[in-house]
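Engineer:
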Amino acid sequence: MKGRDLGELALRNLREAFLRNSLTTLGIAVGVASLVAMVSLGVGLQDLATDRLAHSGLFDAIFVTPKSAAANFRGGQGPIFAPPEPPRPLDEDARQKMLALPNVVEVYPDIRFPTEIHFNGNPFATMAAGVAPSARKDGAFDGMKGSFFSGPDADEAILQIDLARQLSDQPDSLIGKSVVLRYAERQPLADGSGASDGFSIVPKEKSLRIVGIVETEPAGGVGSLGRGRLLIPLQLAQTLRTAQANDLRDLLRNNPNQHTYESLTVRVNDPPKVKDVEESIKDMGFTAFSLIDASKSLSLVFTVFDLFLGIFGSLALVVASLGIVNTLVMAILERRREIGIFKALGASDRDIRRLFFVEAGAMGTLGGIIGLFIGRLIGLAINLGTNIYLKRRALPEISVTAVHWWMAGLAILFAILVSLAAGIYPASRAASLDPVEALRYE
Amino acid sequence: MTNGNSIAIRTDHVARHYHMGDATVRAVDDVSLEIRAGQFVALLGSSGSGKSTLLNLIAGLDRPTSGAIFAQDRNLAEMTPEELARHRSHTVGIVFQAFNLLPRMTLEENVELPLRLAEVDREERQSRVREAIERVRLAARLSHRPSELSGGEQQRTALARALVNRPSILLADEPTGNLDSATGDEIMNLLREINASGMTIVMVTHEQPRAERYAHRMIHMKDGKVVDNGVRA
Numbered sequence: 007m008k009g010r011d012l013g014e015l016a017l018r019n020l021r022e023a024f025l026r027n028s029l030t031t032l033g034i035a036v037g038v039a040s041l042v043a044m045v046s047l048g049v050g051l052q053d054l055a056t057d058r059l060a061h062s063g064l065f066d067a068i069f070v071t072p073k074s075a076a077a078n079f080r081g082g083q084g085p086i087f088a089p090p091e092p093p094r095p096l097d098e099d100a101r102q103k104m105l106a107l108p109n110v111v112e113v114y115p116d117i118r119f120p121t122e123i124h125f126n127g128n129p130f131a132t133m134a135a136g137v138a139p140s141a142r143k144d145g146a147f148d149g150m151k152g153s154f155f156s157g158p159d160a161d162e163a164i165l166q167i168d169l170a171r172q173l174s175d176q177p178d179s180l181i182g183k184s185v186v187l188r189y190a191e192r193q194p195l196a197d198g199s200g201a202s203d204g205f206s207i208v209p210k211e212k213s214l215r216i217v218g219i220v221e222t223e224p225a226g227g228v229g230s231l232g233r234g235r236l237l238i239p240l241q242l243a244q245t246l247r248t249a250q251a252n253d254l255r256d257l258l259r260n261n262p263n264q265h266t267y268e269s270l271t272v273r274v275n276d277p278p279k280v281k282d283v284e285e286s287i288k289d290m291g292f293t294a295f296s297l298i299d300a301s302k303s304l305s306l307v308f309t310v311f312d313l314f315l316g317i318f319g320s321l322a323l324v325v326a327s328l329g330i331v332n333t334l335v336m337a338i339l340e341r342r343r344e345i346g347i348f349k350a351l352g353a354s355d356r357d358i359r360r361l362f363f364v365e366a367g368a369m370g371t372l373g374g375i376i377g378l379f380i381g382r383l384i385g386l387a388i389n390l391g392t393n394i395y396l397k398r399r400a401l402p403e404i405s406v407t408a409v410h411w412w413m414a415g416l417a418i419l420f421a422i423l424v425s426l427a428a429g430i431y432p433a434s435r436a437a438s439l440d441p442v443e444a445l446r447y448e
Numbered sequence: 005m006t007n008g009n010s011i012a013i014r015t016d017h018v019a020r021h022y023h024m025g026d027a028t029v030r031a032v033d034d035v036s037l038e039i040r041a042g043q044f045v046a047l048l049g050s051s052g053s054g055k056s057t058l059l060n061l062i063a064g065l066d067r068p069t070s071g072a073i074f075a076q077d078r079n080l081a082e083m084t085p086e087e088l089a090r091h092r093s094h095t096v097g098i099v100f101q102a103f104n105l106l107p108r109m110t111l112e113e114n115v116e117l118p119l120r121l122a123e124v125d126r127e128e129r130q131s132r133v134r135e136a137i138e139r140v141r142l143a144a145r146l147s148h149r150p151s152e153l154s155g156g157e158q159q160r161t162a163l164a165r166a167l168v169n170r171p172s173i174l175l176a177d178e179p180t181g182n183l184d185s186a187t188g189d190e191i192m193n194l195l196r197e198i199n200a201s202g203m204t205i206v207m208v209t210h211e212q213p214r215a216e217r218y219a220h221r222m223i224h225m226k227d228g229k230v231v232d233n234g235v236r237a
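Protein chains in written order, with the numbering used here: chain E, 7 to 448; chain Y, 5 to 237.
#1: At a CB-CB cut-off below 8 Å, which residues of chain Y make contact with glycine 352(E)?
#2: How many angstroms separate the CA atom of leucine 59(Y) from the CA atom of leucine 48(Y)?
#3: With a threshold of 6 Å (Cβ to nearest heavy atom), would leucine 236(E) be considered close to the ligand ATP?
#4: Enumerate in chain order the residues of its own chain whose CB-to-CB distance from glutamate 191(E) is below 6 Å, with the five nearest sequence positions on each side excluded.
#5: Quick check on DSSP: helix, strand or coil for arginine 221(Y)?
#6: What residue does the beta strand (DSSP E) around tyrosine 22(Y) start on, and which one ends it?
#7: State yes or no: is the C-beta of glycine 228(Y) within less than 7 Å of the C-beta of valine 32(Y)?
#8: Rounded C-beta distance between isoleucine 34(E) and alanine 421(E)? I'm assuming under 8 Å.
#9: Return yes when the Cβ of proline 115(E) is within less than 7 Å of the Cβ of tyrosine 267(E), no when it is not.
#10: Output yes if chain E places a C-beta closer than 7 Å to the C-beta of proline 85(Y); else output no.
#11: So which residues of chain E does leucine 65(Y) contact, with C-beta pairs closer than 9 Å?
#12: What does a CB cutoff of less than 8 Å around arginine 435(E) pick up in its chain, not counting 5 residues either side in sequence?
#13: Taking CB distances under 7 Å as the criterion, tell me whether tryptophan 340(E) reaches chain Y.
#14: Take isoleucine 137(Y) as the anchor and find which of Leu153(Y), Ala200(Y), Ala162(Y), Glu152(Y) has the nearest alpha-carbon.
#15: Threshold first: 4 residues or longer. Then list the alpha helix (DSSP H) segments lying entirely within the stretch 111-189 of chain Y, N to C.
#16: Could one say the Cβ of glutamate 365(E) lies closer than 7 Å to chain Y's Cβ atoms, at least one of them?
#17: Classify methionine 290(E) as helix, strand or coil using the three-state DSSP reduction.
#18: Out of Lys281(E), Ala251(E), Ala353(E), point me to the one whose CA is closest to leucine 297(E)'s CA.
#19: Which first and last residues belong to the beta strand (DSSP E) in which isoleucine 68(E) is found?
#20: Can you pull the chain E neighbours of isoleucine 98(Y), defined as C-beta to C-beta under 9 Å?
#21: Using a Cβ cut-off of 7 Å (strictly closer), state whether threonine 336(E) contacts chain Y.
#22: So is arginine 160(Y) in contact with chain E if we call contact Cβ pairs under 7 Å?
#23: Would the stretch 34-44 of chain E and the stretch 365-382 of chain E be scored as touching if the rule is three or more Cβ pairs under 8 Å?
#24: I'd like to confirm the pairing. Which residues does DSSP put opposite tyrosine 189(E) in its beta bridges?
#25: Is it true that the CB of glycine 429(E) sits closer than 7 Å to the CB of phenylalanine 348(E)?
#26: If we call anything under 7 Å between Cβ atoms a contact, is glutamine 158(Y) one with leucine 117(Y)?
#27: Cutting at 7 Å between CB atoms, please list the residues of its own chain near leucine 214(E), excluding the five before and the five after it.
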């Protein structure tokens, strides 16, 4: 029998016992909904964790420093007193080369400096740090009071809440007010020939408008955990030319005004690509460090978590598959004579088997689609409930469930496969009916 | 369609035995006969004589315990289940006493069913269904379901369904058994018309007078054996 005829006859049969087949289909739908809801919760939590970690600057970032000279001694492999090769300077040239590496989206220096800020005539010692524009996506800035910097070089500052509390009993009232930043600027010394052989450090001041207050200290990269309490735009921090710890190292080189970086943060577009980029940077002659291994462990934990959620979710579908077996076995009893007529008119055992399979598959497909829809609704309900709870606690909205297209496809495919598996026994039993006996059946 | 002198059906020492507990029921016991193409043959006998069992064996609905059954020179006893299904679909058409129409299908859909099973193209189906239905003079009842038809109309529908795949042999198991006398005659007249077009007909019946009126040959069975094969010297 041709596929289209098979489909038409199967649908006709399903319509005839509408209530029973609908209930069986609903059973499958509930099973699939349970599976989808469980797995979407697991995947959603994984997505949430991955997204948060990716945006934390921990898992998509590589912290790069110059190799120390001591690291170049070849212990035991060469002459003990062999002069070490000078480490490659972490300068602008190196930065551009890193930026040109595949999958690298951003390379920026970690600029931090001790400072004294003046507010209402009172001095406060703290640490200032430059913040890259990409840090706006960091979880630390979610739910911040005020706003992020209006531009990459705006004369603006974001305060960490502890510093803000030092400045005022009512931290929120600081937004819109100005603070004066006092810092040490590095200025080159010029001799008569125009060449420079050193620099001087000059105190400077800069007025900054407070635009926001952040709850936690943003981790601007692997190497910058828990540092700045006064955050300023990175480009502004660069133009301030504040004295850095590595300035002394630059001074000892032949050309002290060839500026080098103490460290660079390299951001990669996808955490799994970090390892390759990290190796490339090491090959360039720098020390590189990332937390990708921790990310792998996290992925393993979530894979196991998803697996168990999937197993629990599948149990309902397995129970639903027994409903299919029951429905189709009942259908054989009811349609015994009909099967005999089909065989008398030329239907082969294969035709009968396929007819029952198509009926099982149709119930599985429909149940899968409906179940996917119900499962997604359950997921949305979980999201809604979670966000109502978070809103009451003044926390930002999140999505704890997620249905990816591959998950939707797999759920329907799984429902069809389970239904077909459930149809094997009834279909074989129907196909093996003796036509003479079946035609005698009343 | 085969010509009038060829053999449409040949059985060679065919037996069909059933085991019921320790007892063996010899429903068909060593039956050998030949039916020529184009003949209208009536299988007669009392209840339990084995005539319906023999018809089922010729139809390919059942397999013999021993012996051979040839239809179109192929031994049904040696056919695979798929080949038997093709035999039922293409070589024979079957009409039952109880009509055996599918109650949820209309007259037209019932007649179309064998064409679906035989994988006939949709374009061709329509004309073949109409042709078969016109042959049994039921064109006005196409969209009616079996429950909306009289017994005679249902049997004519069953006849159209049996003819729609253009078989060479029509097998009828007590086709008038559920009909009144007048309606039974209508069906018999239709069978005669169909036979006149060259189709071989084997009809099981227990109505001797009707068989004498319509059939060319009468084969009498008793206790599973042919007691009179109806061939006159």
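Don't be surprised by glycine CBs; every beta carbon is placed ideally from N, CA and C.
Model, not experiment: these values are computed from the prediction.
Structural biologist: Judging by the given coordinates:
#1: Ala89, Arg90, Arg92, Ser93, His94, Pro118, Leu121, Ala122, Asn169
#2: 11 Å
#3: Inclusion of the ligand ATP in the displayed structure is not the case, the ligand content being empty and no account of it being possible.
#4: Val208, Lys210, Arg247
#5: strand
#6: 11-24
#7: yes
#8: 6 Å
#9: yes
#10: yes
#11: Gly346, Lys349, Ala350, Asp440, Pro441, Val442, Leu445
#12: Val335, Ile338
#13: For clarity, residue 340(E) is glutamate in the given sequence; the question names tryptophan instead. Judged by the 7 Å Cβ criterion, glutamate 340(E) is not in contact with chain Y.
#14: Ala162(Y)
#15: 111-121, 126-139, 155-167
#16: no
#17: coil
#18: Lys281(E)
#19: 67-72
#20: Ala350, Leu351
#21: Before going on, a small fix: residue 336(E) reads as methionine here, not threonine. No - not a single Cβ of chain Y is within 7 Å of the one on methionine 336(E).
#22: no
#23: yes
#24: Lys210(E)
#25: no
#26: no
#27: Asp161, Glu162, Ala163, Ser184, Val185, Leu187, Ile238
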